[in-house]
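Residue numbering for the sequence shown follows full-length UniProt numbering, beginning at 1 and increasing consecutively. One structure is given below, encoded as structure tokens.
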Amino acid sequence: MSLSAKIAWDDTVLPFQLDASDIRGRVARLDGVLEQVLKQHDYPPVIEALVAEMALLTALIGQTMKLRWKLSLQVRGSGAARLIATDYYGPTDDGQPARIRAYASYDADRLNHDAEPFSHVGNGYFAILVDQGEGTTPYQGITPLAGGSLSACAQTYFAQSEQIPTRFALTYGRSQTPGEAAHWRAGGVMLQHMPKASPFASGEGGSGEQGLLDAVDLLSDDEGENWTRANILLDTVDDLELIGPIVTPTDLLVRLFHEEGPRVYDAQPITFGCTCSEARVRQSLSIYSAKDIRTMTTDEGNVTADCQFCGAHYVFAPETLGFEAKDTSA
């Protein structure tokens with residue numbers, strides 16, 4: 001892949017369809033976006049890996065969001081990694097990039113830096129929330145954590161909550177090319193069987209971990225053969241093909257699925273973006289009384305707030321906050 005082609009595909013999600021298999025999918029490449037997400041915090045490597053995987057999942061899943069819709073992914077666990085949260089904001093207009101942000105909360109003294117990143121999550125749940133905007137009720141789905149990775153948890157979520165067979169093949173890590181500093185890159189492929197009006201589920205319960213539904217529980221024999229074939233083909237992908245820069249996403253699809261009739265659509269560009277602002281912070285504090293605001297005031301006589309996603313720092317005069325705030329506009 002040429003340098004110009006590499007740049008063209010970085011920080012994009014390419015949707016596609018396999019016409020011979022009734023399967024849709026997406027190919028994602030994250031470069032500068034992931035670097036921006038992670039540089040906001042000085043995470044230990046095991047937490048960086050979890051945030052990188054979650055951000056990549058968010059980019060792949062979020063590509064279906066309509067204009068101005070918001071997708072939020074959240075993992076809460078009992079381990080050292082207490083919370084991993086991401087947001088995907090659909091483009092504001094056609095042709096504009098989507099925006100993504102992410103952060104993690106963790107107990108530093110409980111981390112085992114030699115252990116697998118996912119082992120720090122423990123028991124908990126995986127949740128997806130879709131906000132369609134003002135005047136609508138957000139949709140939320142929750143499933144228990146199951147599997148040995150965040151991508152496995154996402155696969156379980158789609159099988160259990162949406163009854164859509166889903167598969168992820170992801171890779172991520174620090175990458176370095178000659179003449180450049182080391183930085184984070186990630187790439188992945190998402191496969192989904194086309195949704196059905198009446199999902200097929202065999203037997204009681206599921207064949208997955210904890211009796212949860214698995215892809216094989218949702219497909220008839222013919223559909224199962226198509227799904228198995230596509231997954232076997234995806235199993236042949238290697239990390240360098242997923243991350244690039246040797247193989248373009250279109251060439252990757254031809255290499256993997258040429259007999260399945262891959263058809264690609266317009267790629268969706270992605271950028272790092274945070275929606276925090278002084279006005280939003282003021283709004284969030286407007287429910288508090290002057291007495292409550294005093295308990296938040298520092299020794300220096302200010303109220304401060306920090307954005308967990310982008311690290312922005314806000315400083316306010318306490319008398320200008322809360323529902324008893326003085327009007328200082330005059």
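Even for Gly, the Cβ is constructed at its ideal location relative to N, Cα and C. Nothing here was measured: the structure is a model prediction, and the numbers come from that model.
Out of the options, point me to the one whose CA is closest to residue i's CA.
i	options	result
F158	I142, L170, Y172	I142
A169	L233, A146, G224, G179	L233
Y106	V130, Y88, S78, M54	S78
residue 370	K70, Q210, S277	There is no way to answer for residue 370, as the model of the chain reaches only from 1 to 330.
G188	A181, P178, R167	R167
N123	P138, G147, R185	G147
Q210	H183, Q268, D292, C153	C153
A305	E324, A115, S284	S284
Q192	F309, Y89, N226	N226
residue 333	R174, G62, P178	Because the chain in this structure spans residues 1 to 330, residue 333 falls outside the shown range and cannot be described.
Q268	I23, M65, E48	M65
For a test of the three-state rule: what should DSSP assign to residue i, helix, strand or coil?
i	result
K70	strand
F118	helix
D87	strand
M296	helix
I164	coil
V13	strand
A38	For the sequence presented, residue 38 should be read as Leu rather than Ala. Note: L38 maps to helix in three-state DSSP.
S105	strand
A59	helix
G77	strand
M54	helix
Can you tell me whether residue i is buried or exposed? The criterion is at least 16 other CB atoms within 10 Å of its CB, across all chains shown.
i	result
L14	buried
V254	exposed
G133	exposed
P249	buried
F118	buried
F257	buried
Q96	exposed
Is there at least one non-hydrogen atom of the ligand HEM closer than 8 angstroms to the beta-carbon of residue i?
i	result
T86	In the structure shown, the ligand HEM is absent, as is every other ligand, since no ligand is present at all.
Look at the Cβ atom of residue i, then the Cβ atom of residue j, and state whether they are nearer than 9 angstroms.
i	j	result
H41	A81	no
A52	L38	yes
(request) Scan the stretch 222-271 and note each continuous beta strand (DSSP E) run of 3 residues or more that stays entirely inside, going in chain order. (result) 262-264
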